[in-house]
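Asks:
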Amino acid sequence: MDAVWLLLLISILTVFYIICKIPIVRYYVKYFALGLILNVGSVFFTLTFLIKGKPSFANSCDVMPLLHLSQCVLGLRPKLYGLENCYMHRQCIYVINHQSFIDAIVISHLWREPSSSIVKDSLRFYGLGWPMIHFMRILSIVRNDHAKAMKTMREAVRMVKKEHVNMFIFPEGTRNYSGRLLPFKKGAFHLAIQTQLPIVPVVISCYNSFLDHKNKIFDDAAYAVYILAPISTEGLTSADATSLTEKTHAVMSKVFDLTAGATKEDLWMDLREREKLQEHEEGQEQEQQSQ
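Structure (structure tokens):
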């Protein structure tokens, strides 16, 4: 009888595995698994933090393994380039392009205590994670209320100055699947100027080759994350916010555009090096032709 049950279990798992090879099934199974992990994890950590007491930056570090688990379940393998540009022993303002909730997986590899982020207030209506976010000391911003938004930004400045927090911000302001970076909002750059901290641009490769919401595709993938050279804000004033925003957008767009044109198989590579090699080879060919 035990052999029959074992055979039945193996058969069910085999059928499930085969069904999950169907793209649309895999898409929904992955999002169901992600929602299950995050909601169960949110309840667990919220209860844990309630027992521990008040919100703290240490709580946010406790949550990061939950994102690492999500990464494994989703079959995602981000490969980080430019770790030498991380200010592991100094404060900075990280600015990151935003495509999906799974961007949080990348943040989990850079997060260290004390760190915080600014998320949109409407997240309170999604899932069970809002109380957990409160206990992580992550700020929320109300986009359509200027007074409340400015209050949030003032609190961000205070946290950075007084509590020496590293801040993670998505300057596009919303998720973007277009394959091009949206114009950046200036809040992150005013924050960096007011605190005189360097900006560390982080470019997450374009997901379009493995994540397609329209066609319900969500494949396993290895993809590159580029931590670019820090941009100094020393001596800058609020009058420089626009130029700083444009400069950061330009350096990030150059890298992101490389990834938008890459195949899923090439997405894990440092495409900047491949571009340099191609330019070098083209230069040699032109030199040979001119001789």
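Note that the UniProt record's numbering has the sequence shown beginning at 1, numbered continuously upward. Where is the CB? At the ideal position from N, CA and C, for every residue including glycine.
1) Just to confirm the assignment, what range does the beta strand (DSSP E) spanning R77 have?
2) Where do the ends of the alpha helix (DSSP H) carrying M153 lie?
3) Can you tell which of I193, A239, N208, N215 has its C-alpha closest to the C-alpha of I231?
4) Could you tell me the distance, in whole angstroms, from the CA atom of L197 to the CA atom of V157?
5) Is it true that the CB of A241 sits closer than 8 Å to the CB of F189?
6) Shortest alpha-carbon distance to E265 belongs to which of D219, M252, Q71?
7) For the beta strand (DSSP E) that contains P201, what are its first and last residues?
8) Measuring alpha carbon to alpha carbon, tell me which of T263, S243, A224 ends up nearest M269.
9) Using the rule of at least 16 other Cβ atoms within 10 Å of the residue's Cβ for burial, across every protein chain shown, is D145 buried or exposed?
10) Could you spell out the range, first to last residue, of the beta strand (DSSP E) harbouring V29?
11) To which residues does DSSP link I217 through a beta bridge?
12) With DSSP collapsed to three states, give me the class of S253.
13) In the DSSP assignment, find the unbroken beta strand (DSSP E) run with V95 in it and report its ends.
14) Between L139 and E163, which are expected to be in contact by the criterion C-beta below 8 Å, what is the C-beta distance as a whole number of angstroms?
15) What residues are listed by DSSP as bridge partners for V73?
16) Within the continuous beta strand (DSSP E) that includes S117, where are the two ends?
17) Answer with buried or exposed for G187, where buried requires no fewer than 16 other C-beta atoms within 10 angstroms of its C-beta.
18) Which first and last residues belong to the alpha helix (DSSP H) in which L191 is found?
19) Measure the beta-carbon distance from V165 to S116 and round it to whole angstroms, keeping in mind my assumption that it falls under 8 Å.
20) Let's test the definition: count the other Cβ atoms within 10 Å of the Cβ of C86 and tell me whether it reaches 16, buried, or not, exposed.
21) Select from I102, S108, R112 the residue whose C-alpha is nearest the C-alpha of F210.
Replies: Straight from the coordinates:
1) Per DSSP, R77 belongs to the beta strand (DSSP E) from 76-81.
2) 146-163 is the span of the alpha helix (DSSP H), which, as asked, contains M153.
3) Closest by alpha carbon: I193.
4) Rounded to whole angstroms, L197 to V157 spans 11 Å at the Cα level.
5) Taking 8 Å as the Cβ cut-off, F189 and A241 qualify as a contacting pair.
6) The residue with the shortest Cα to Cα distance from E265 is D219.
7) Segment 199-204, the beta strand (DSSP E) holding P201.
8) The candidate whose alpha carbon is nearest that of M269 is A224.
9) Flag for D145 reads exposed.
10) Note, V29: premise wrong, no beta strand (DSSP E); alpha helix (DSSP H) at 23-52.
11) Beta bridge pairing from DSSP links I217 with D212.
12) Correct three-state label for S253: helix.
13) Boundaries of the beta strand (DSSP E) harbouring V95: 93-96, taken from the DSSP string.
14) Contact between L139 and E163 is absent: CB atoms are separated by about 12 Å, not below the 8 Å threshold.
15) V73 is not bridged to any residue.
16) That run of the beta strand (DSSP E) goes 115-120.
17) Burial call: buried.
18) Segment 187-195, the alpha helix (DSSP H) holding L191.
19) Contact holds; Cβ gap of about 5 Å.
20) Buried, by the Cβ-count rule.
21) I102 is the residue among I102, S108, R112 whose C-alpha sits nearest the C-alpha of F210.
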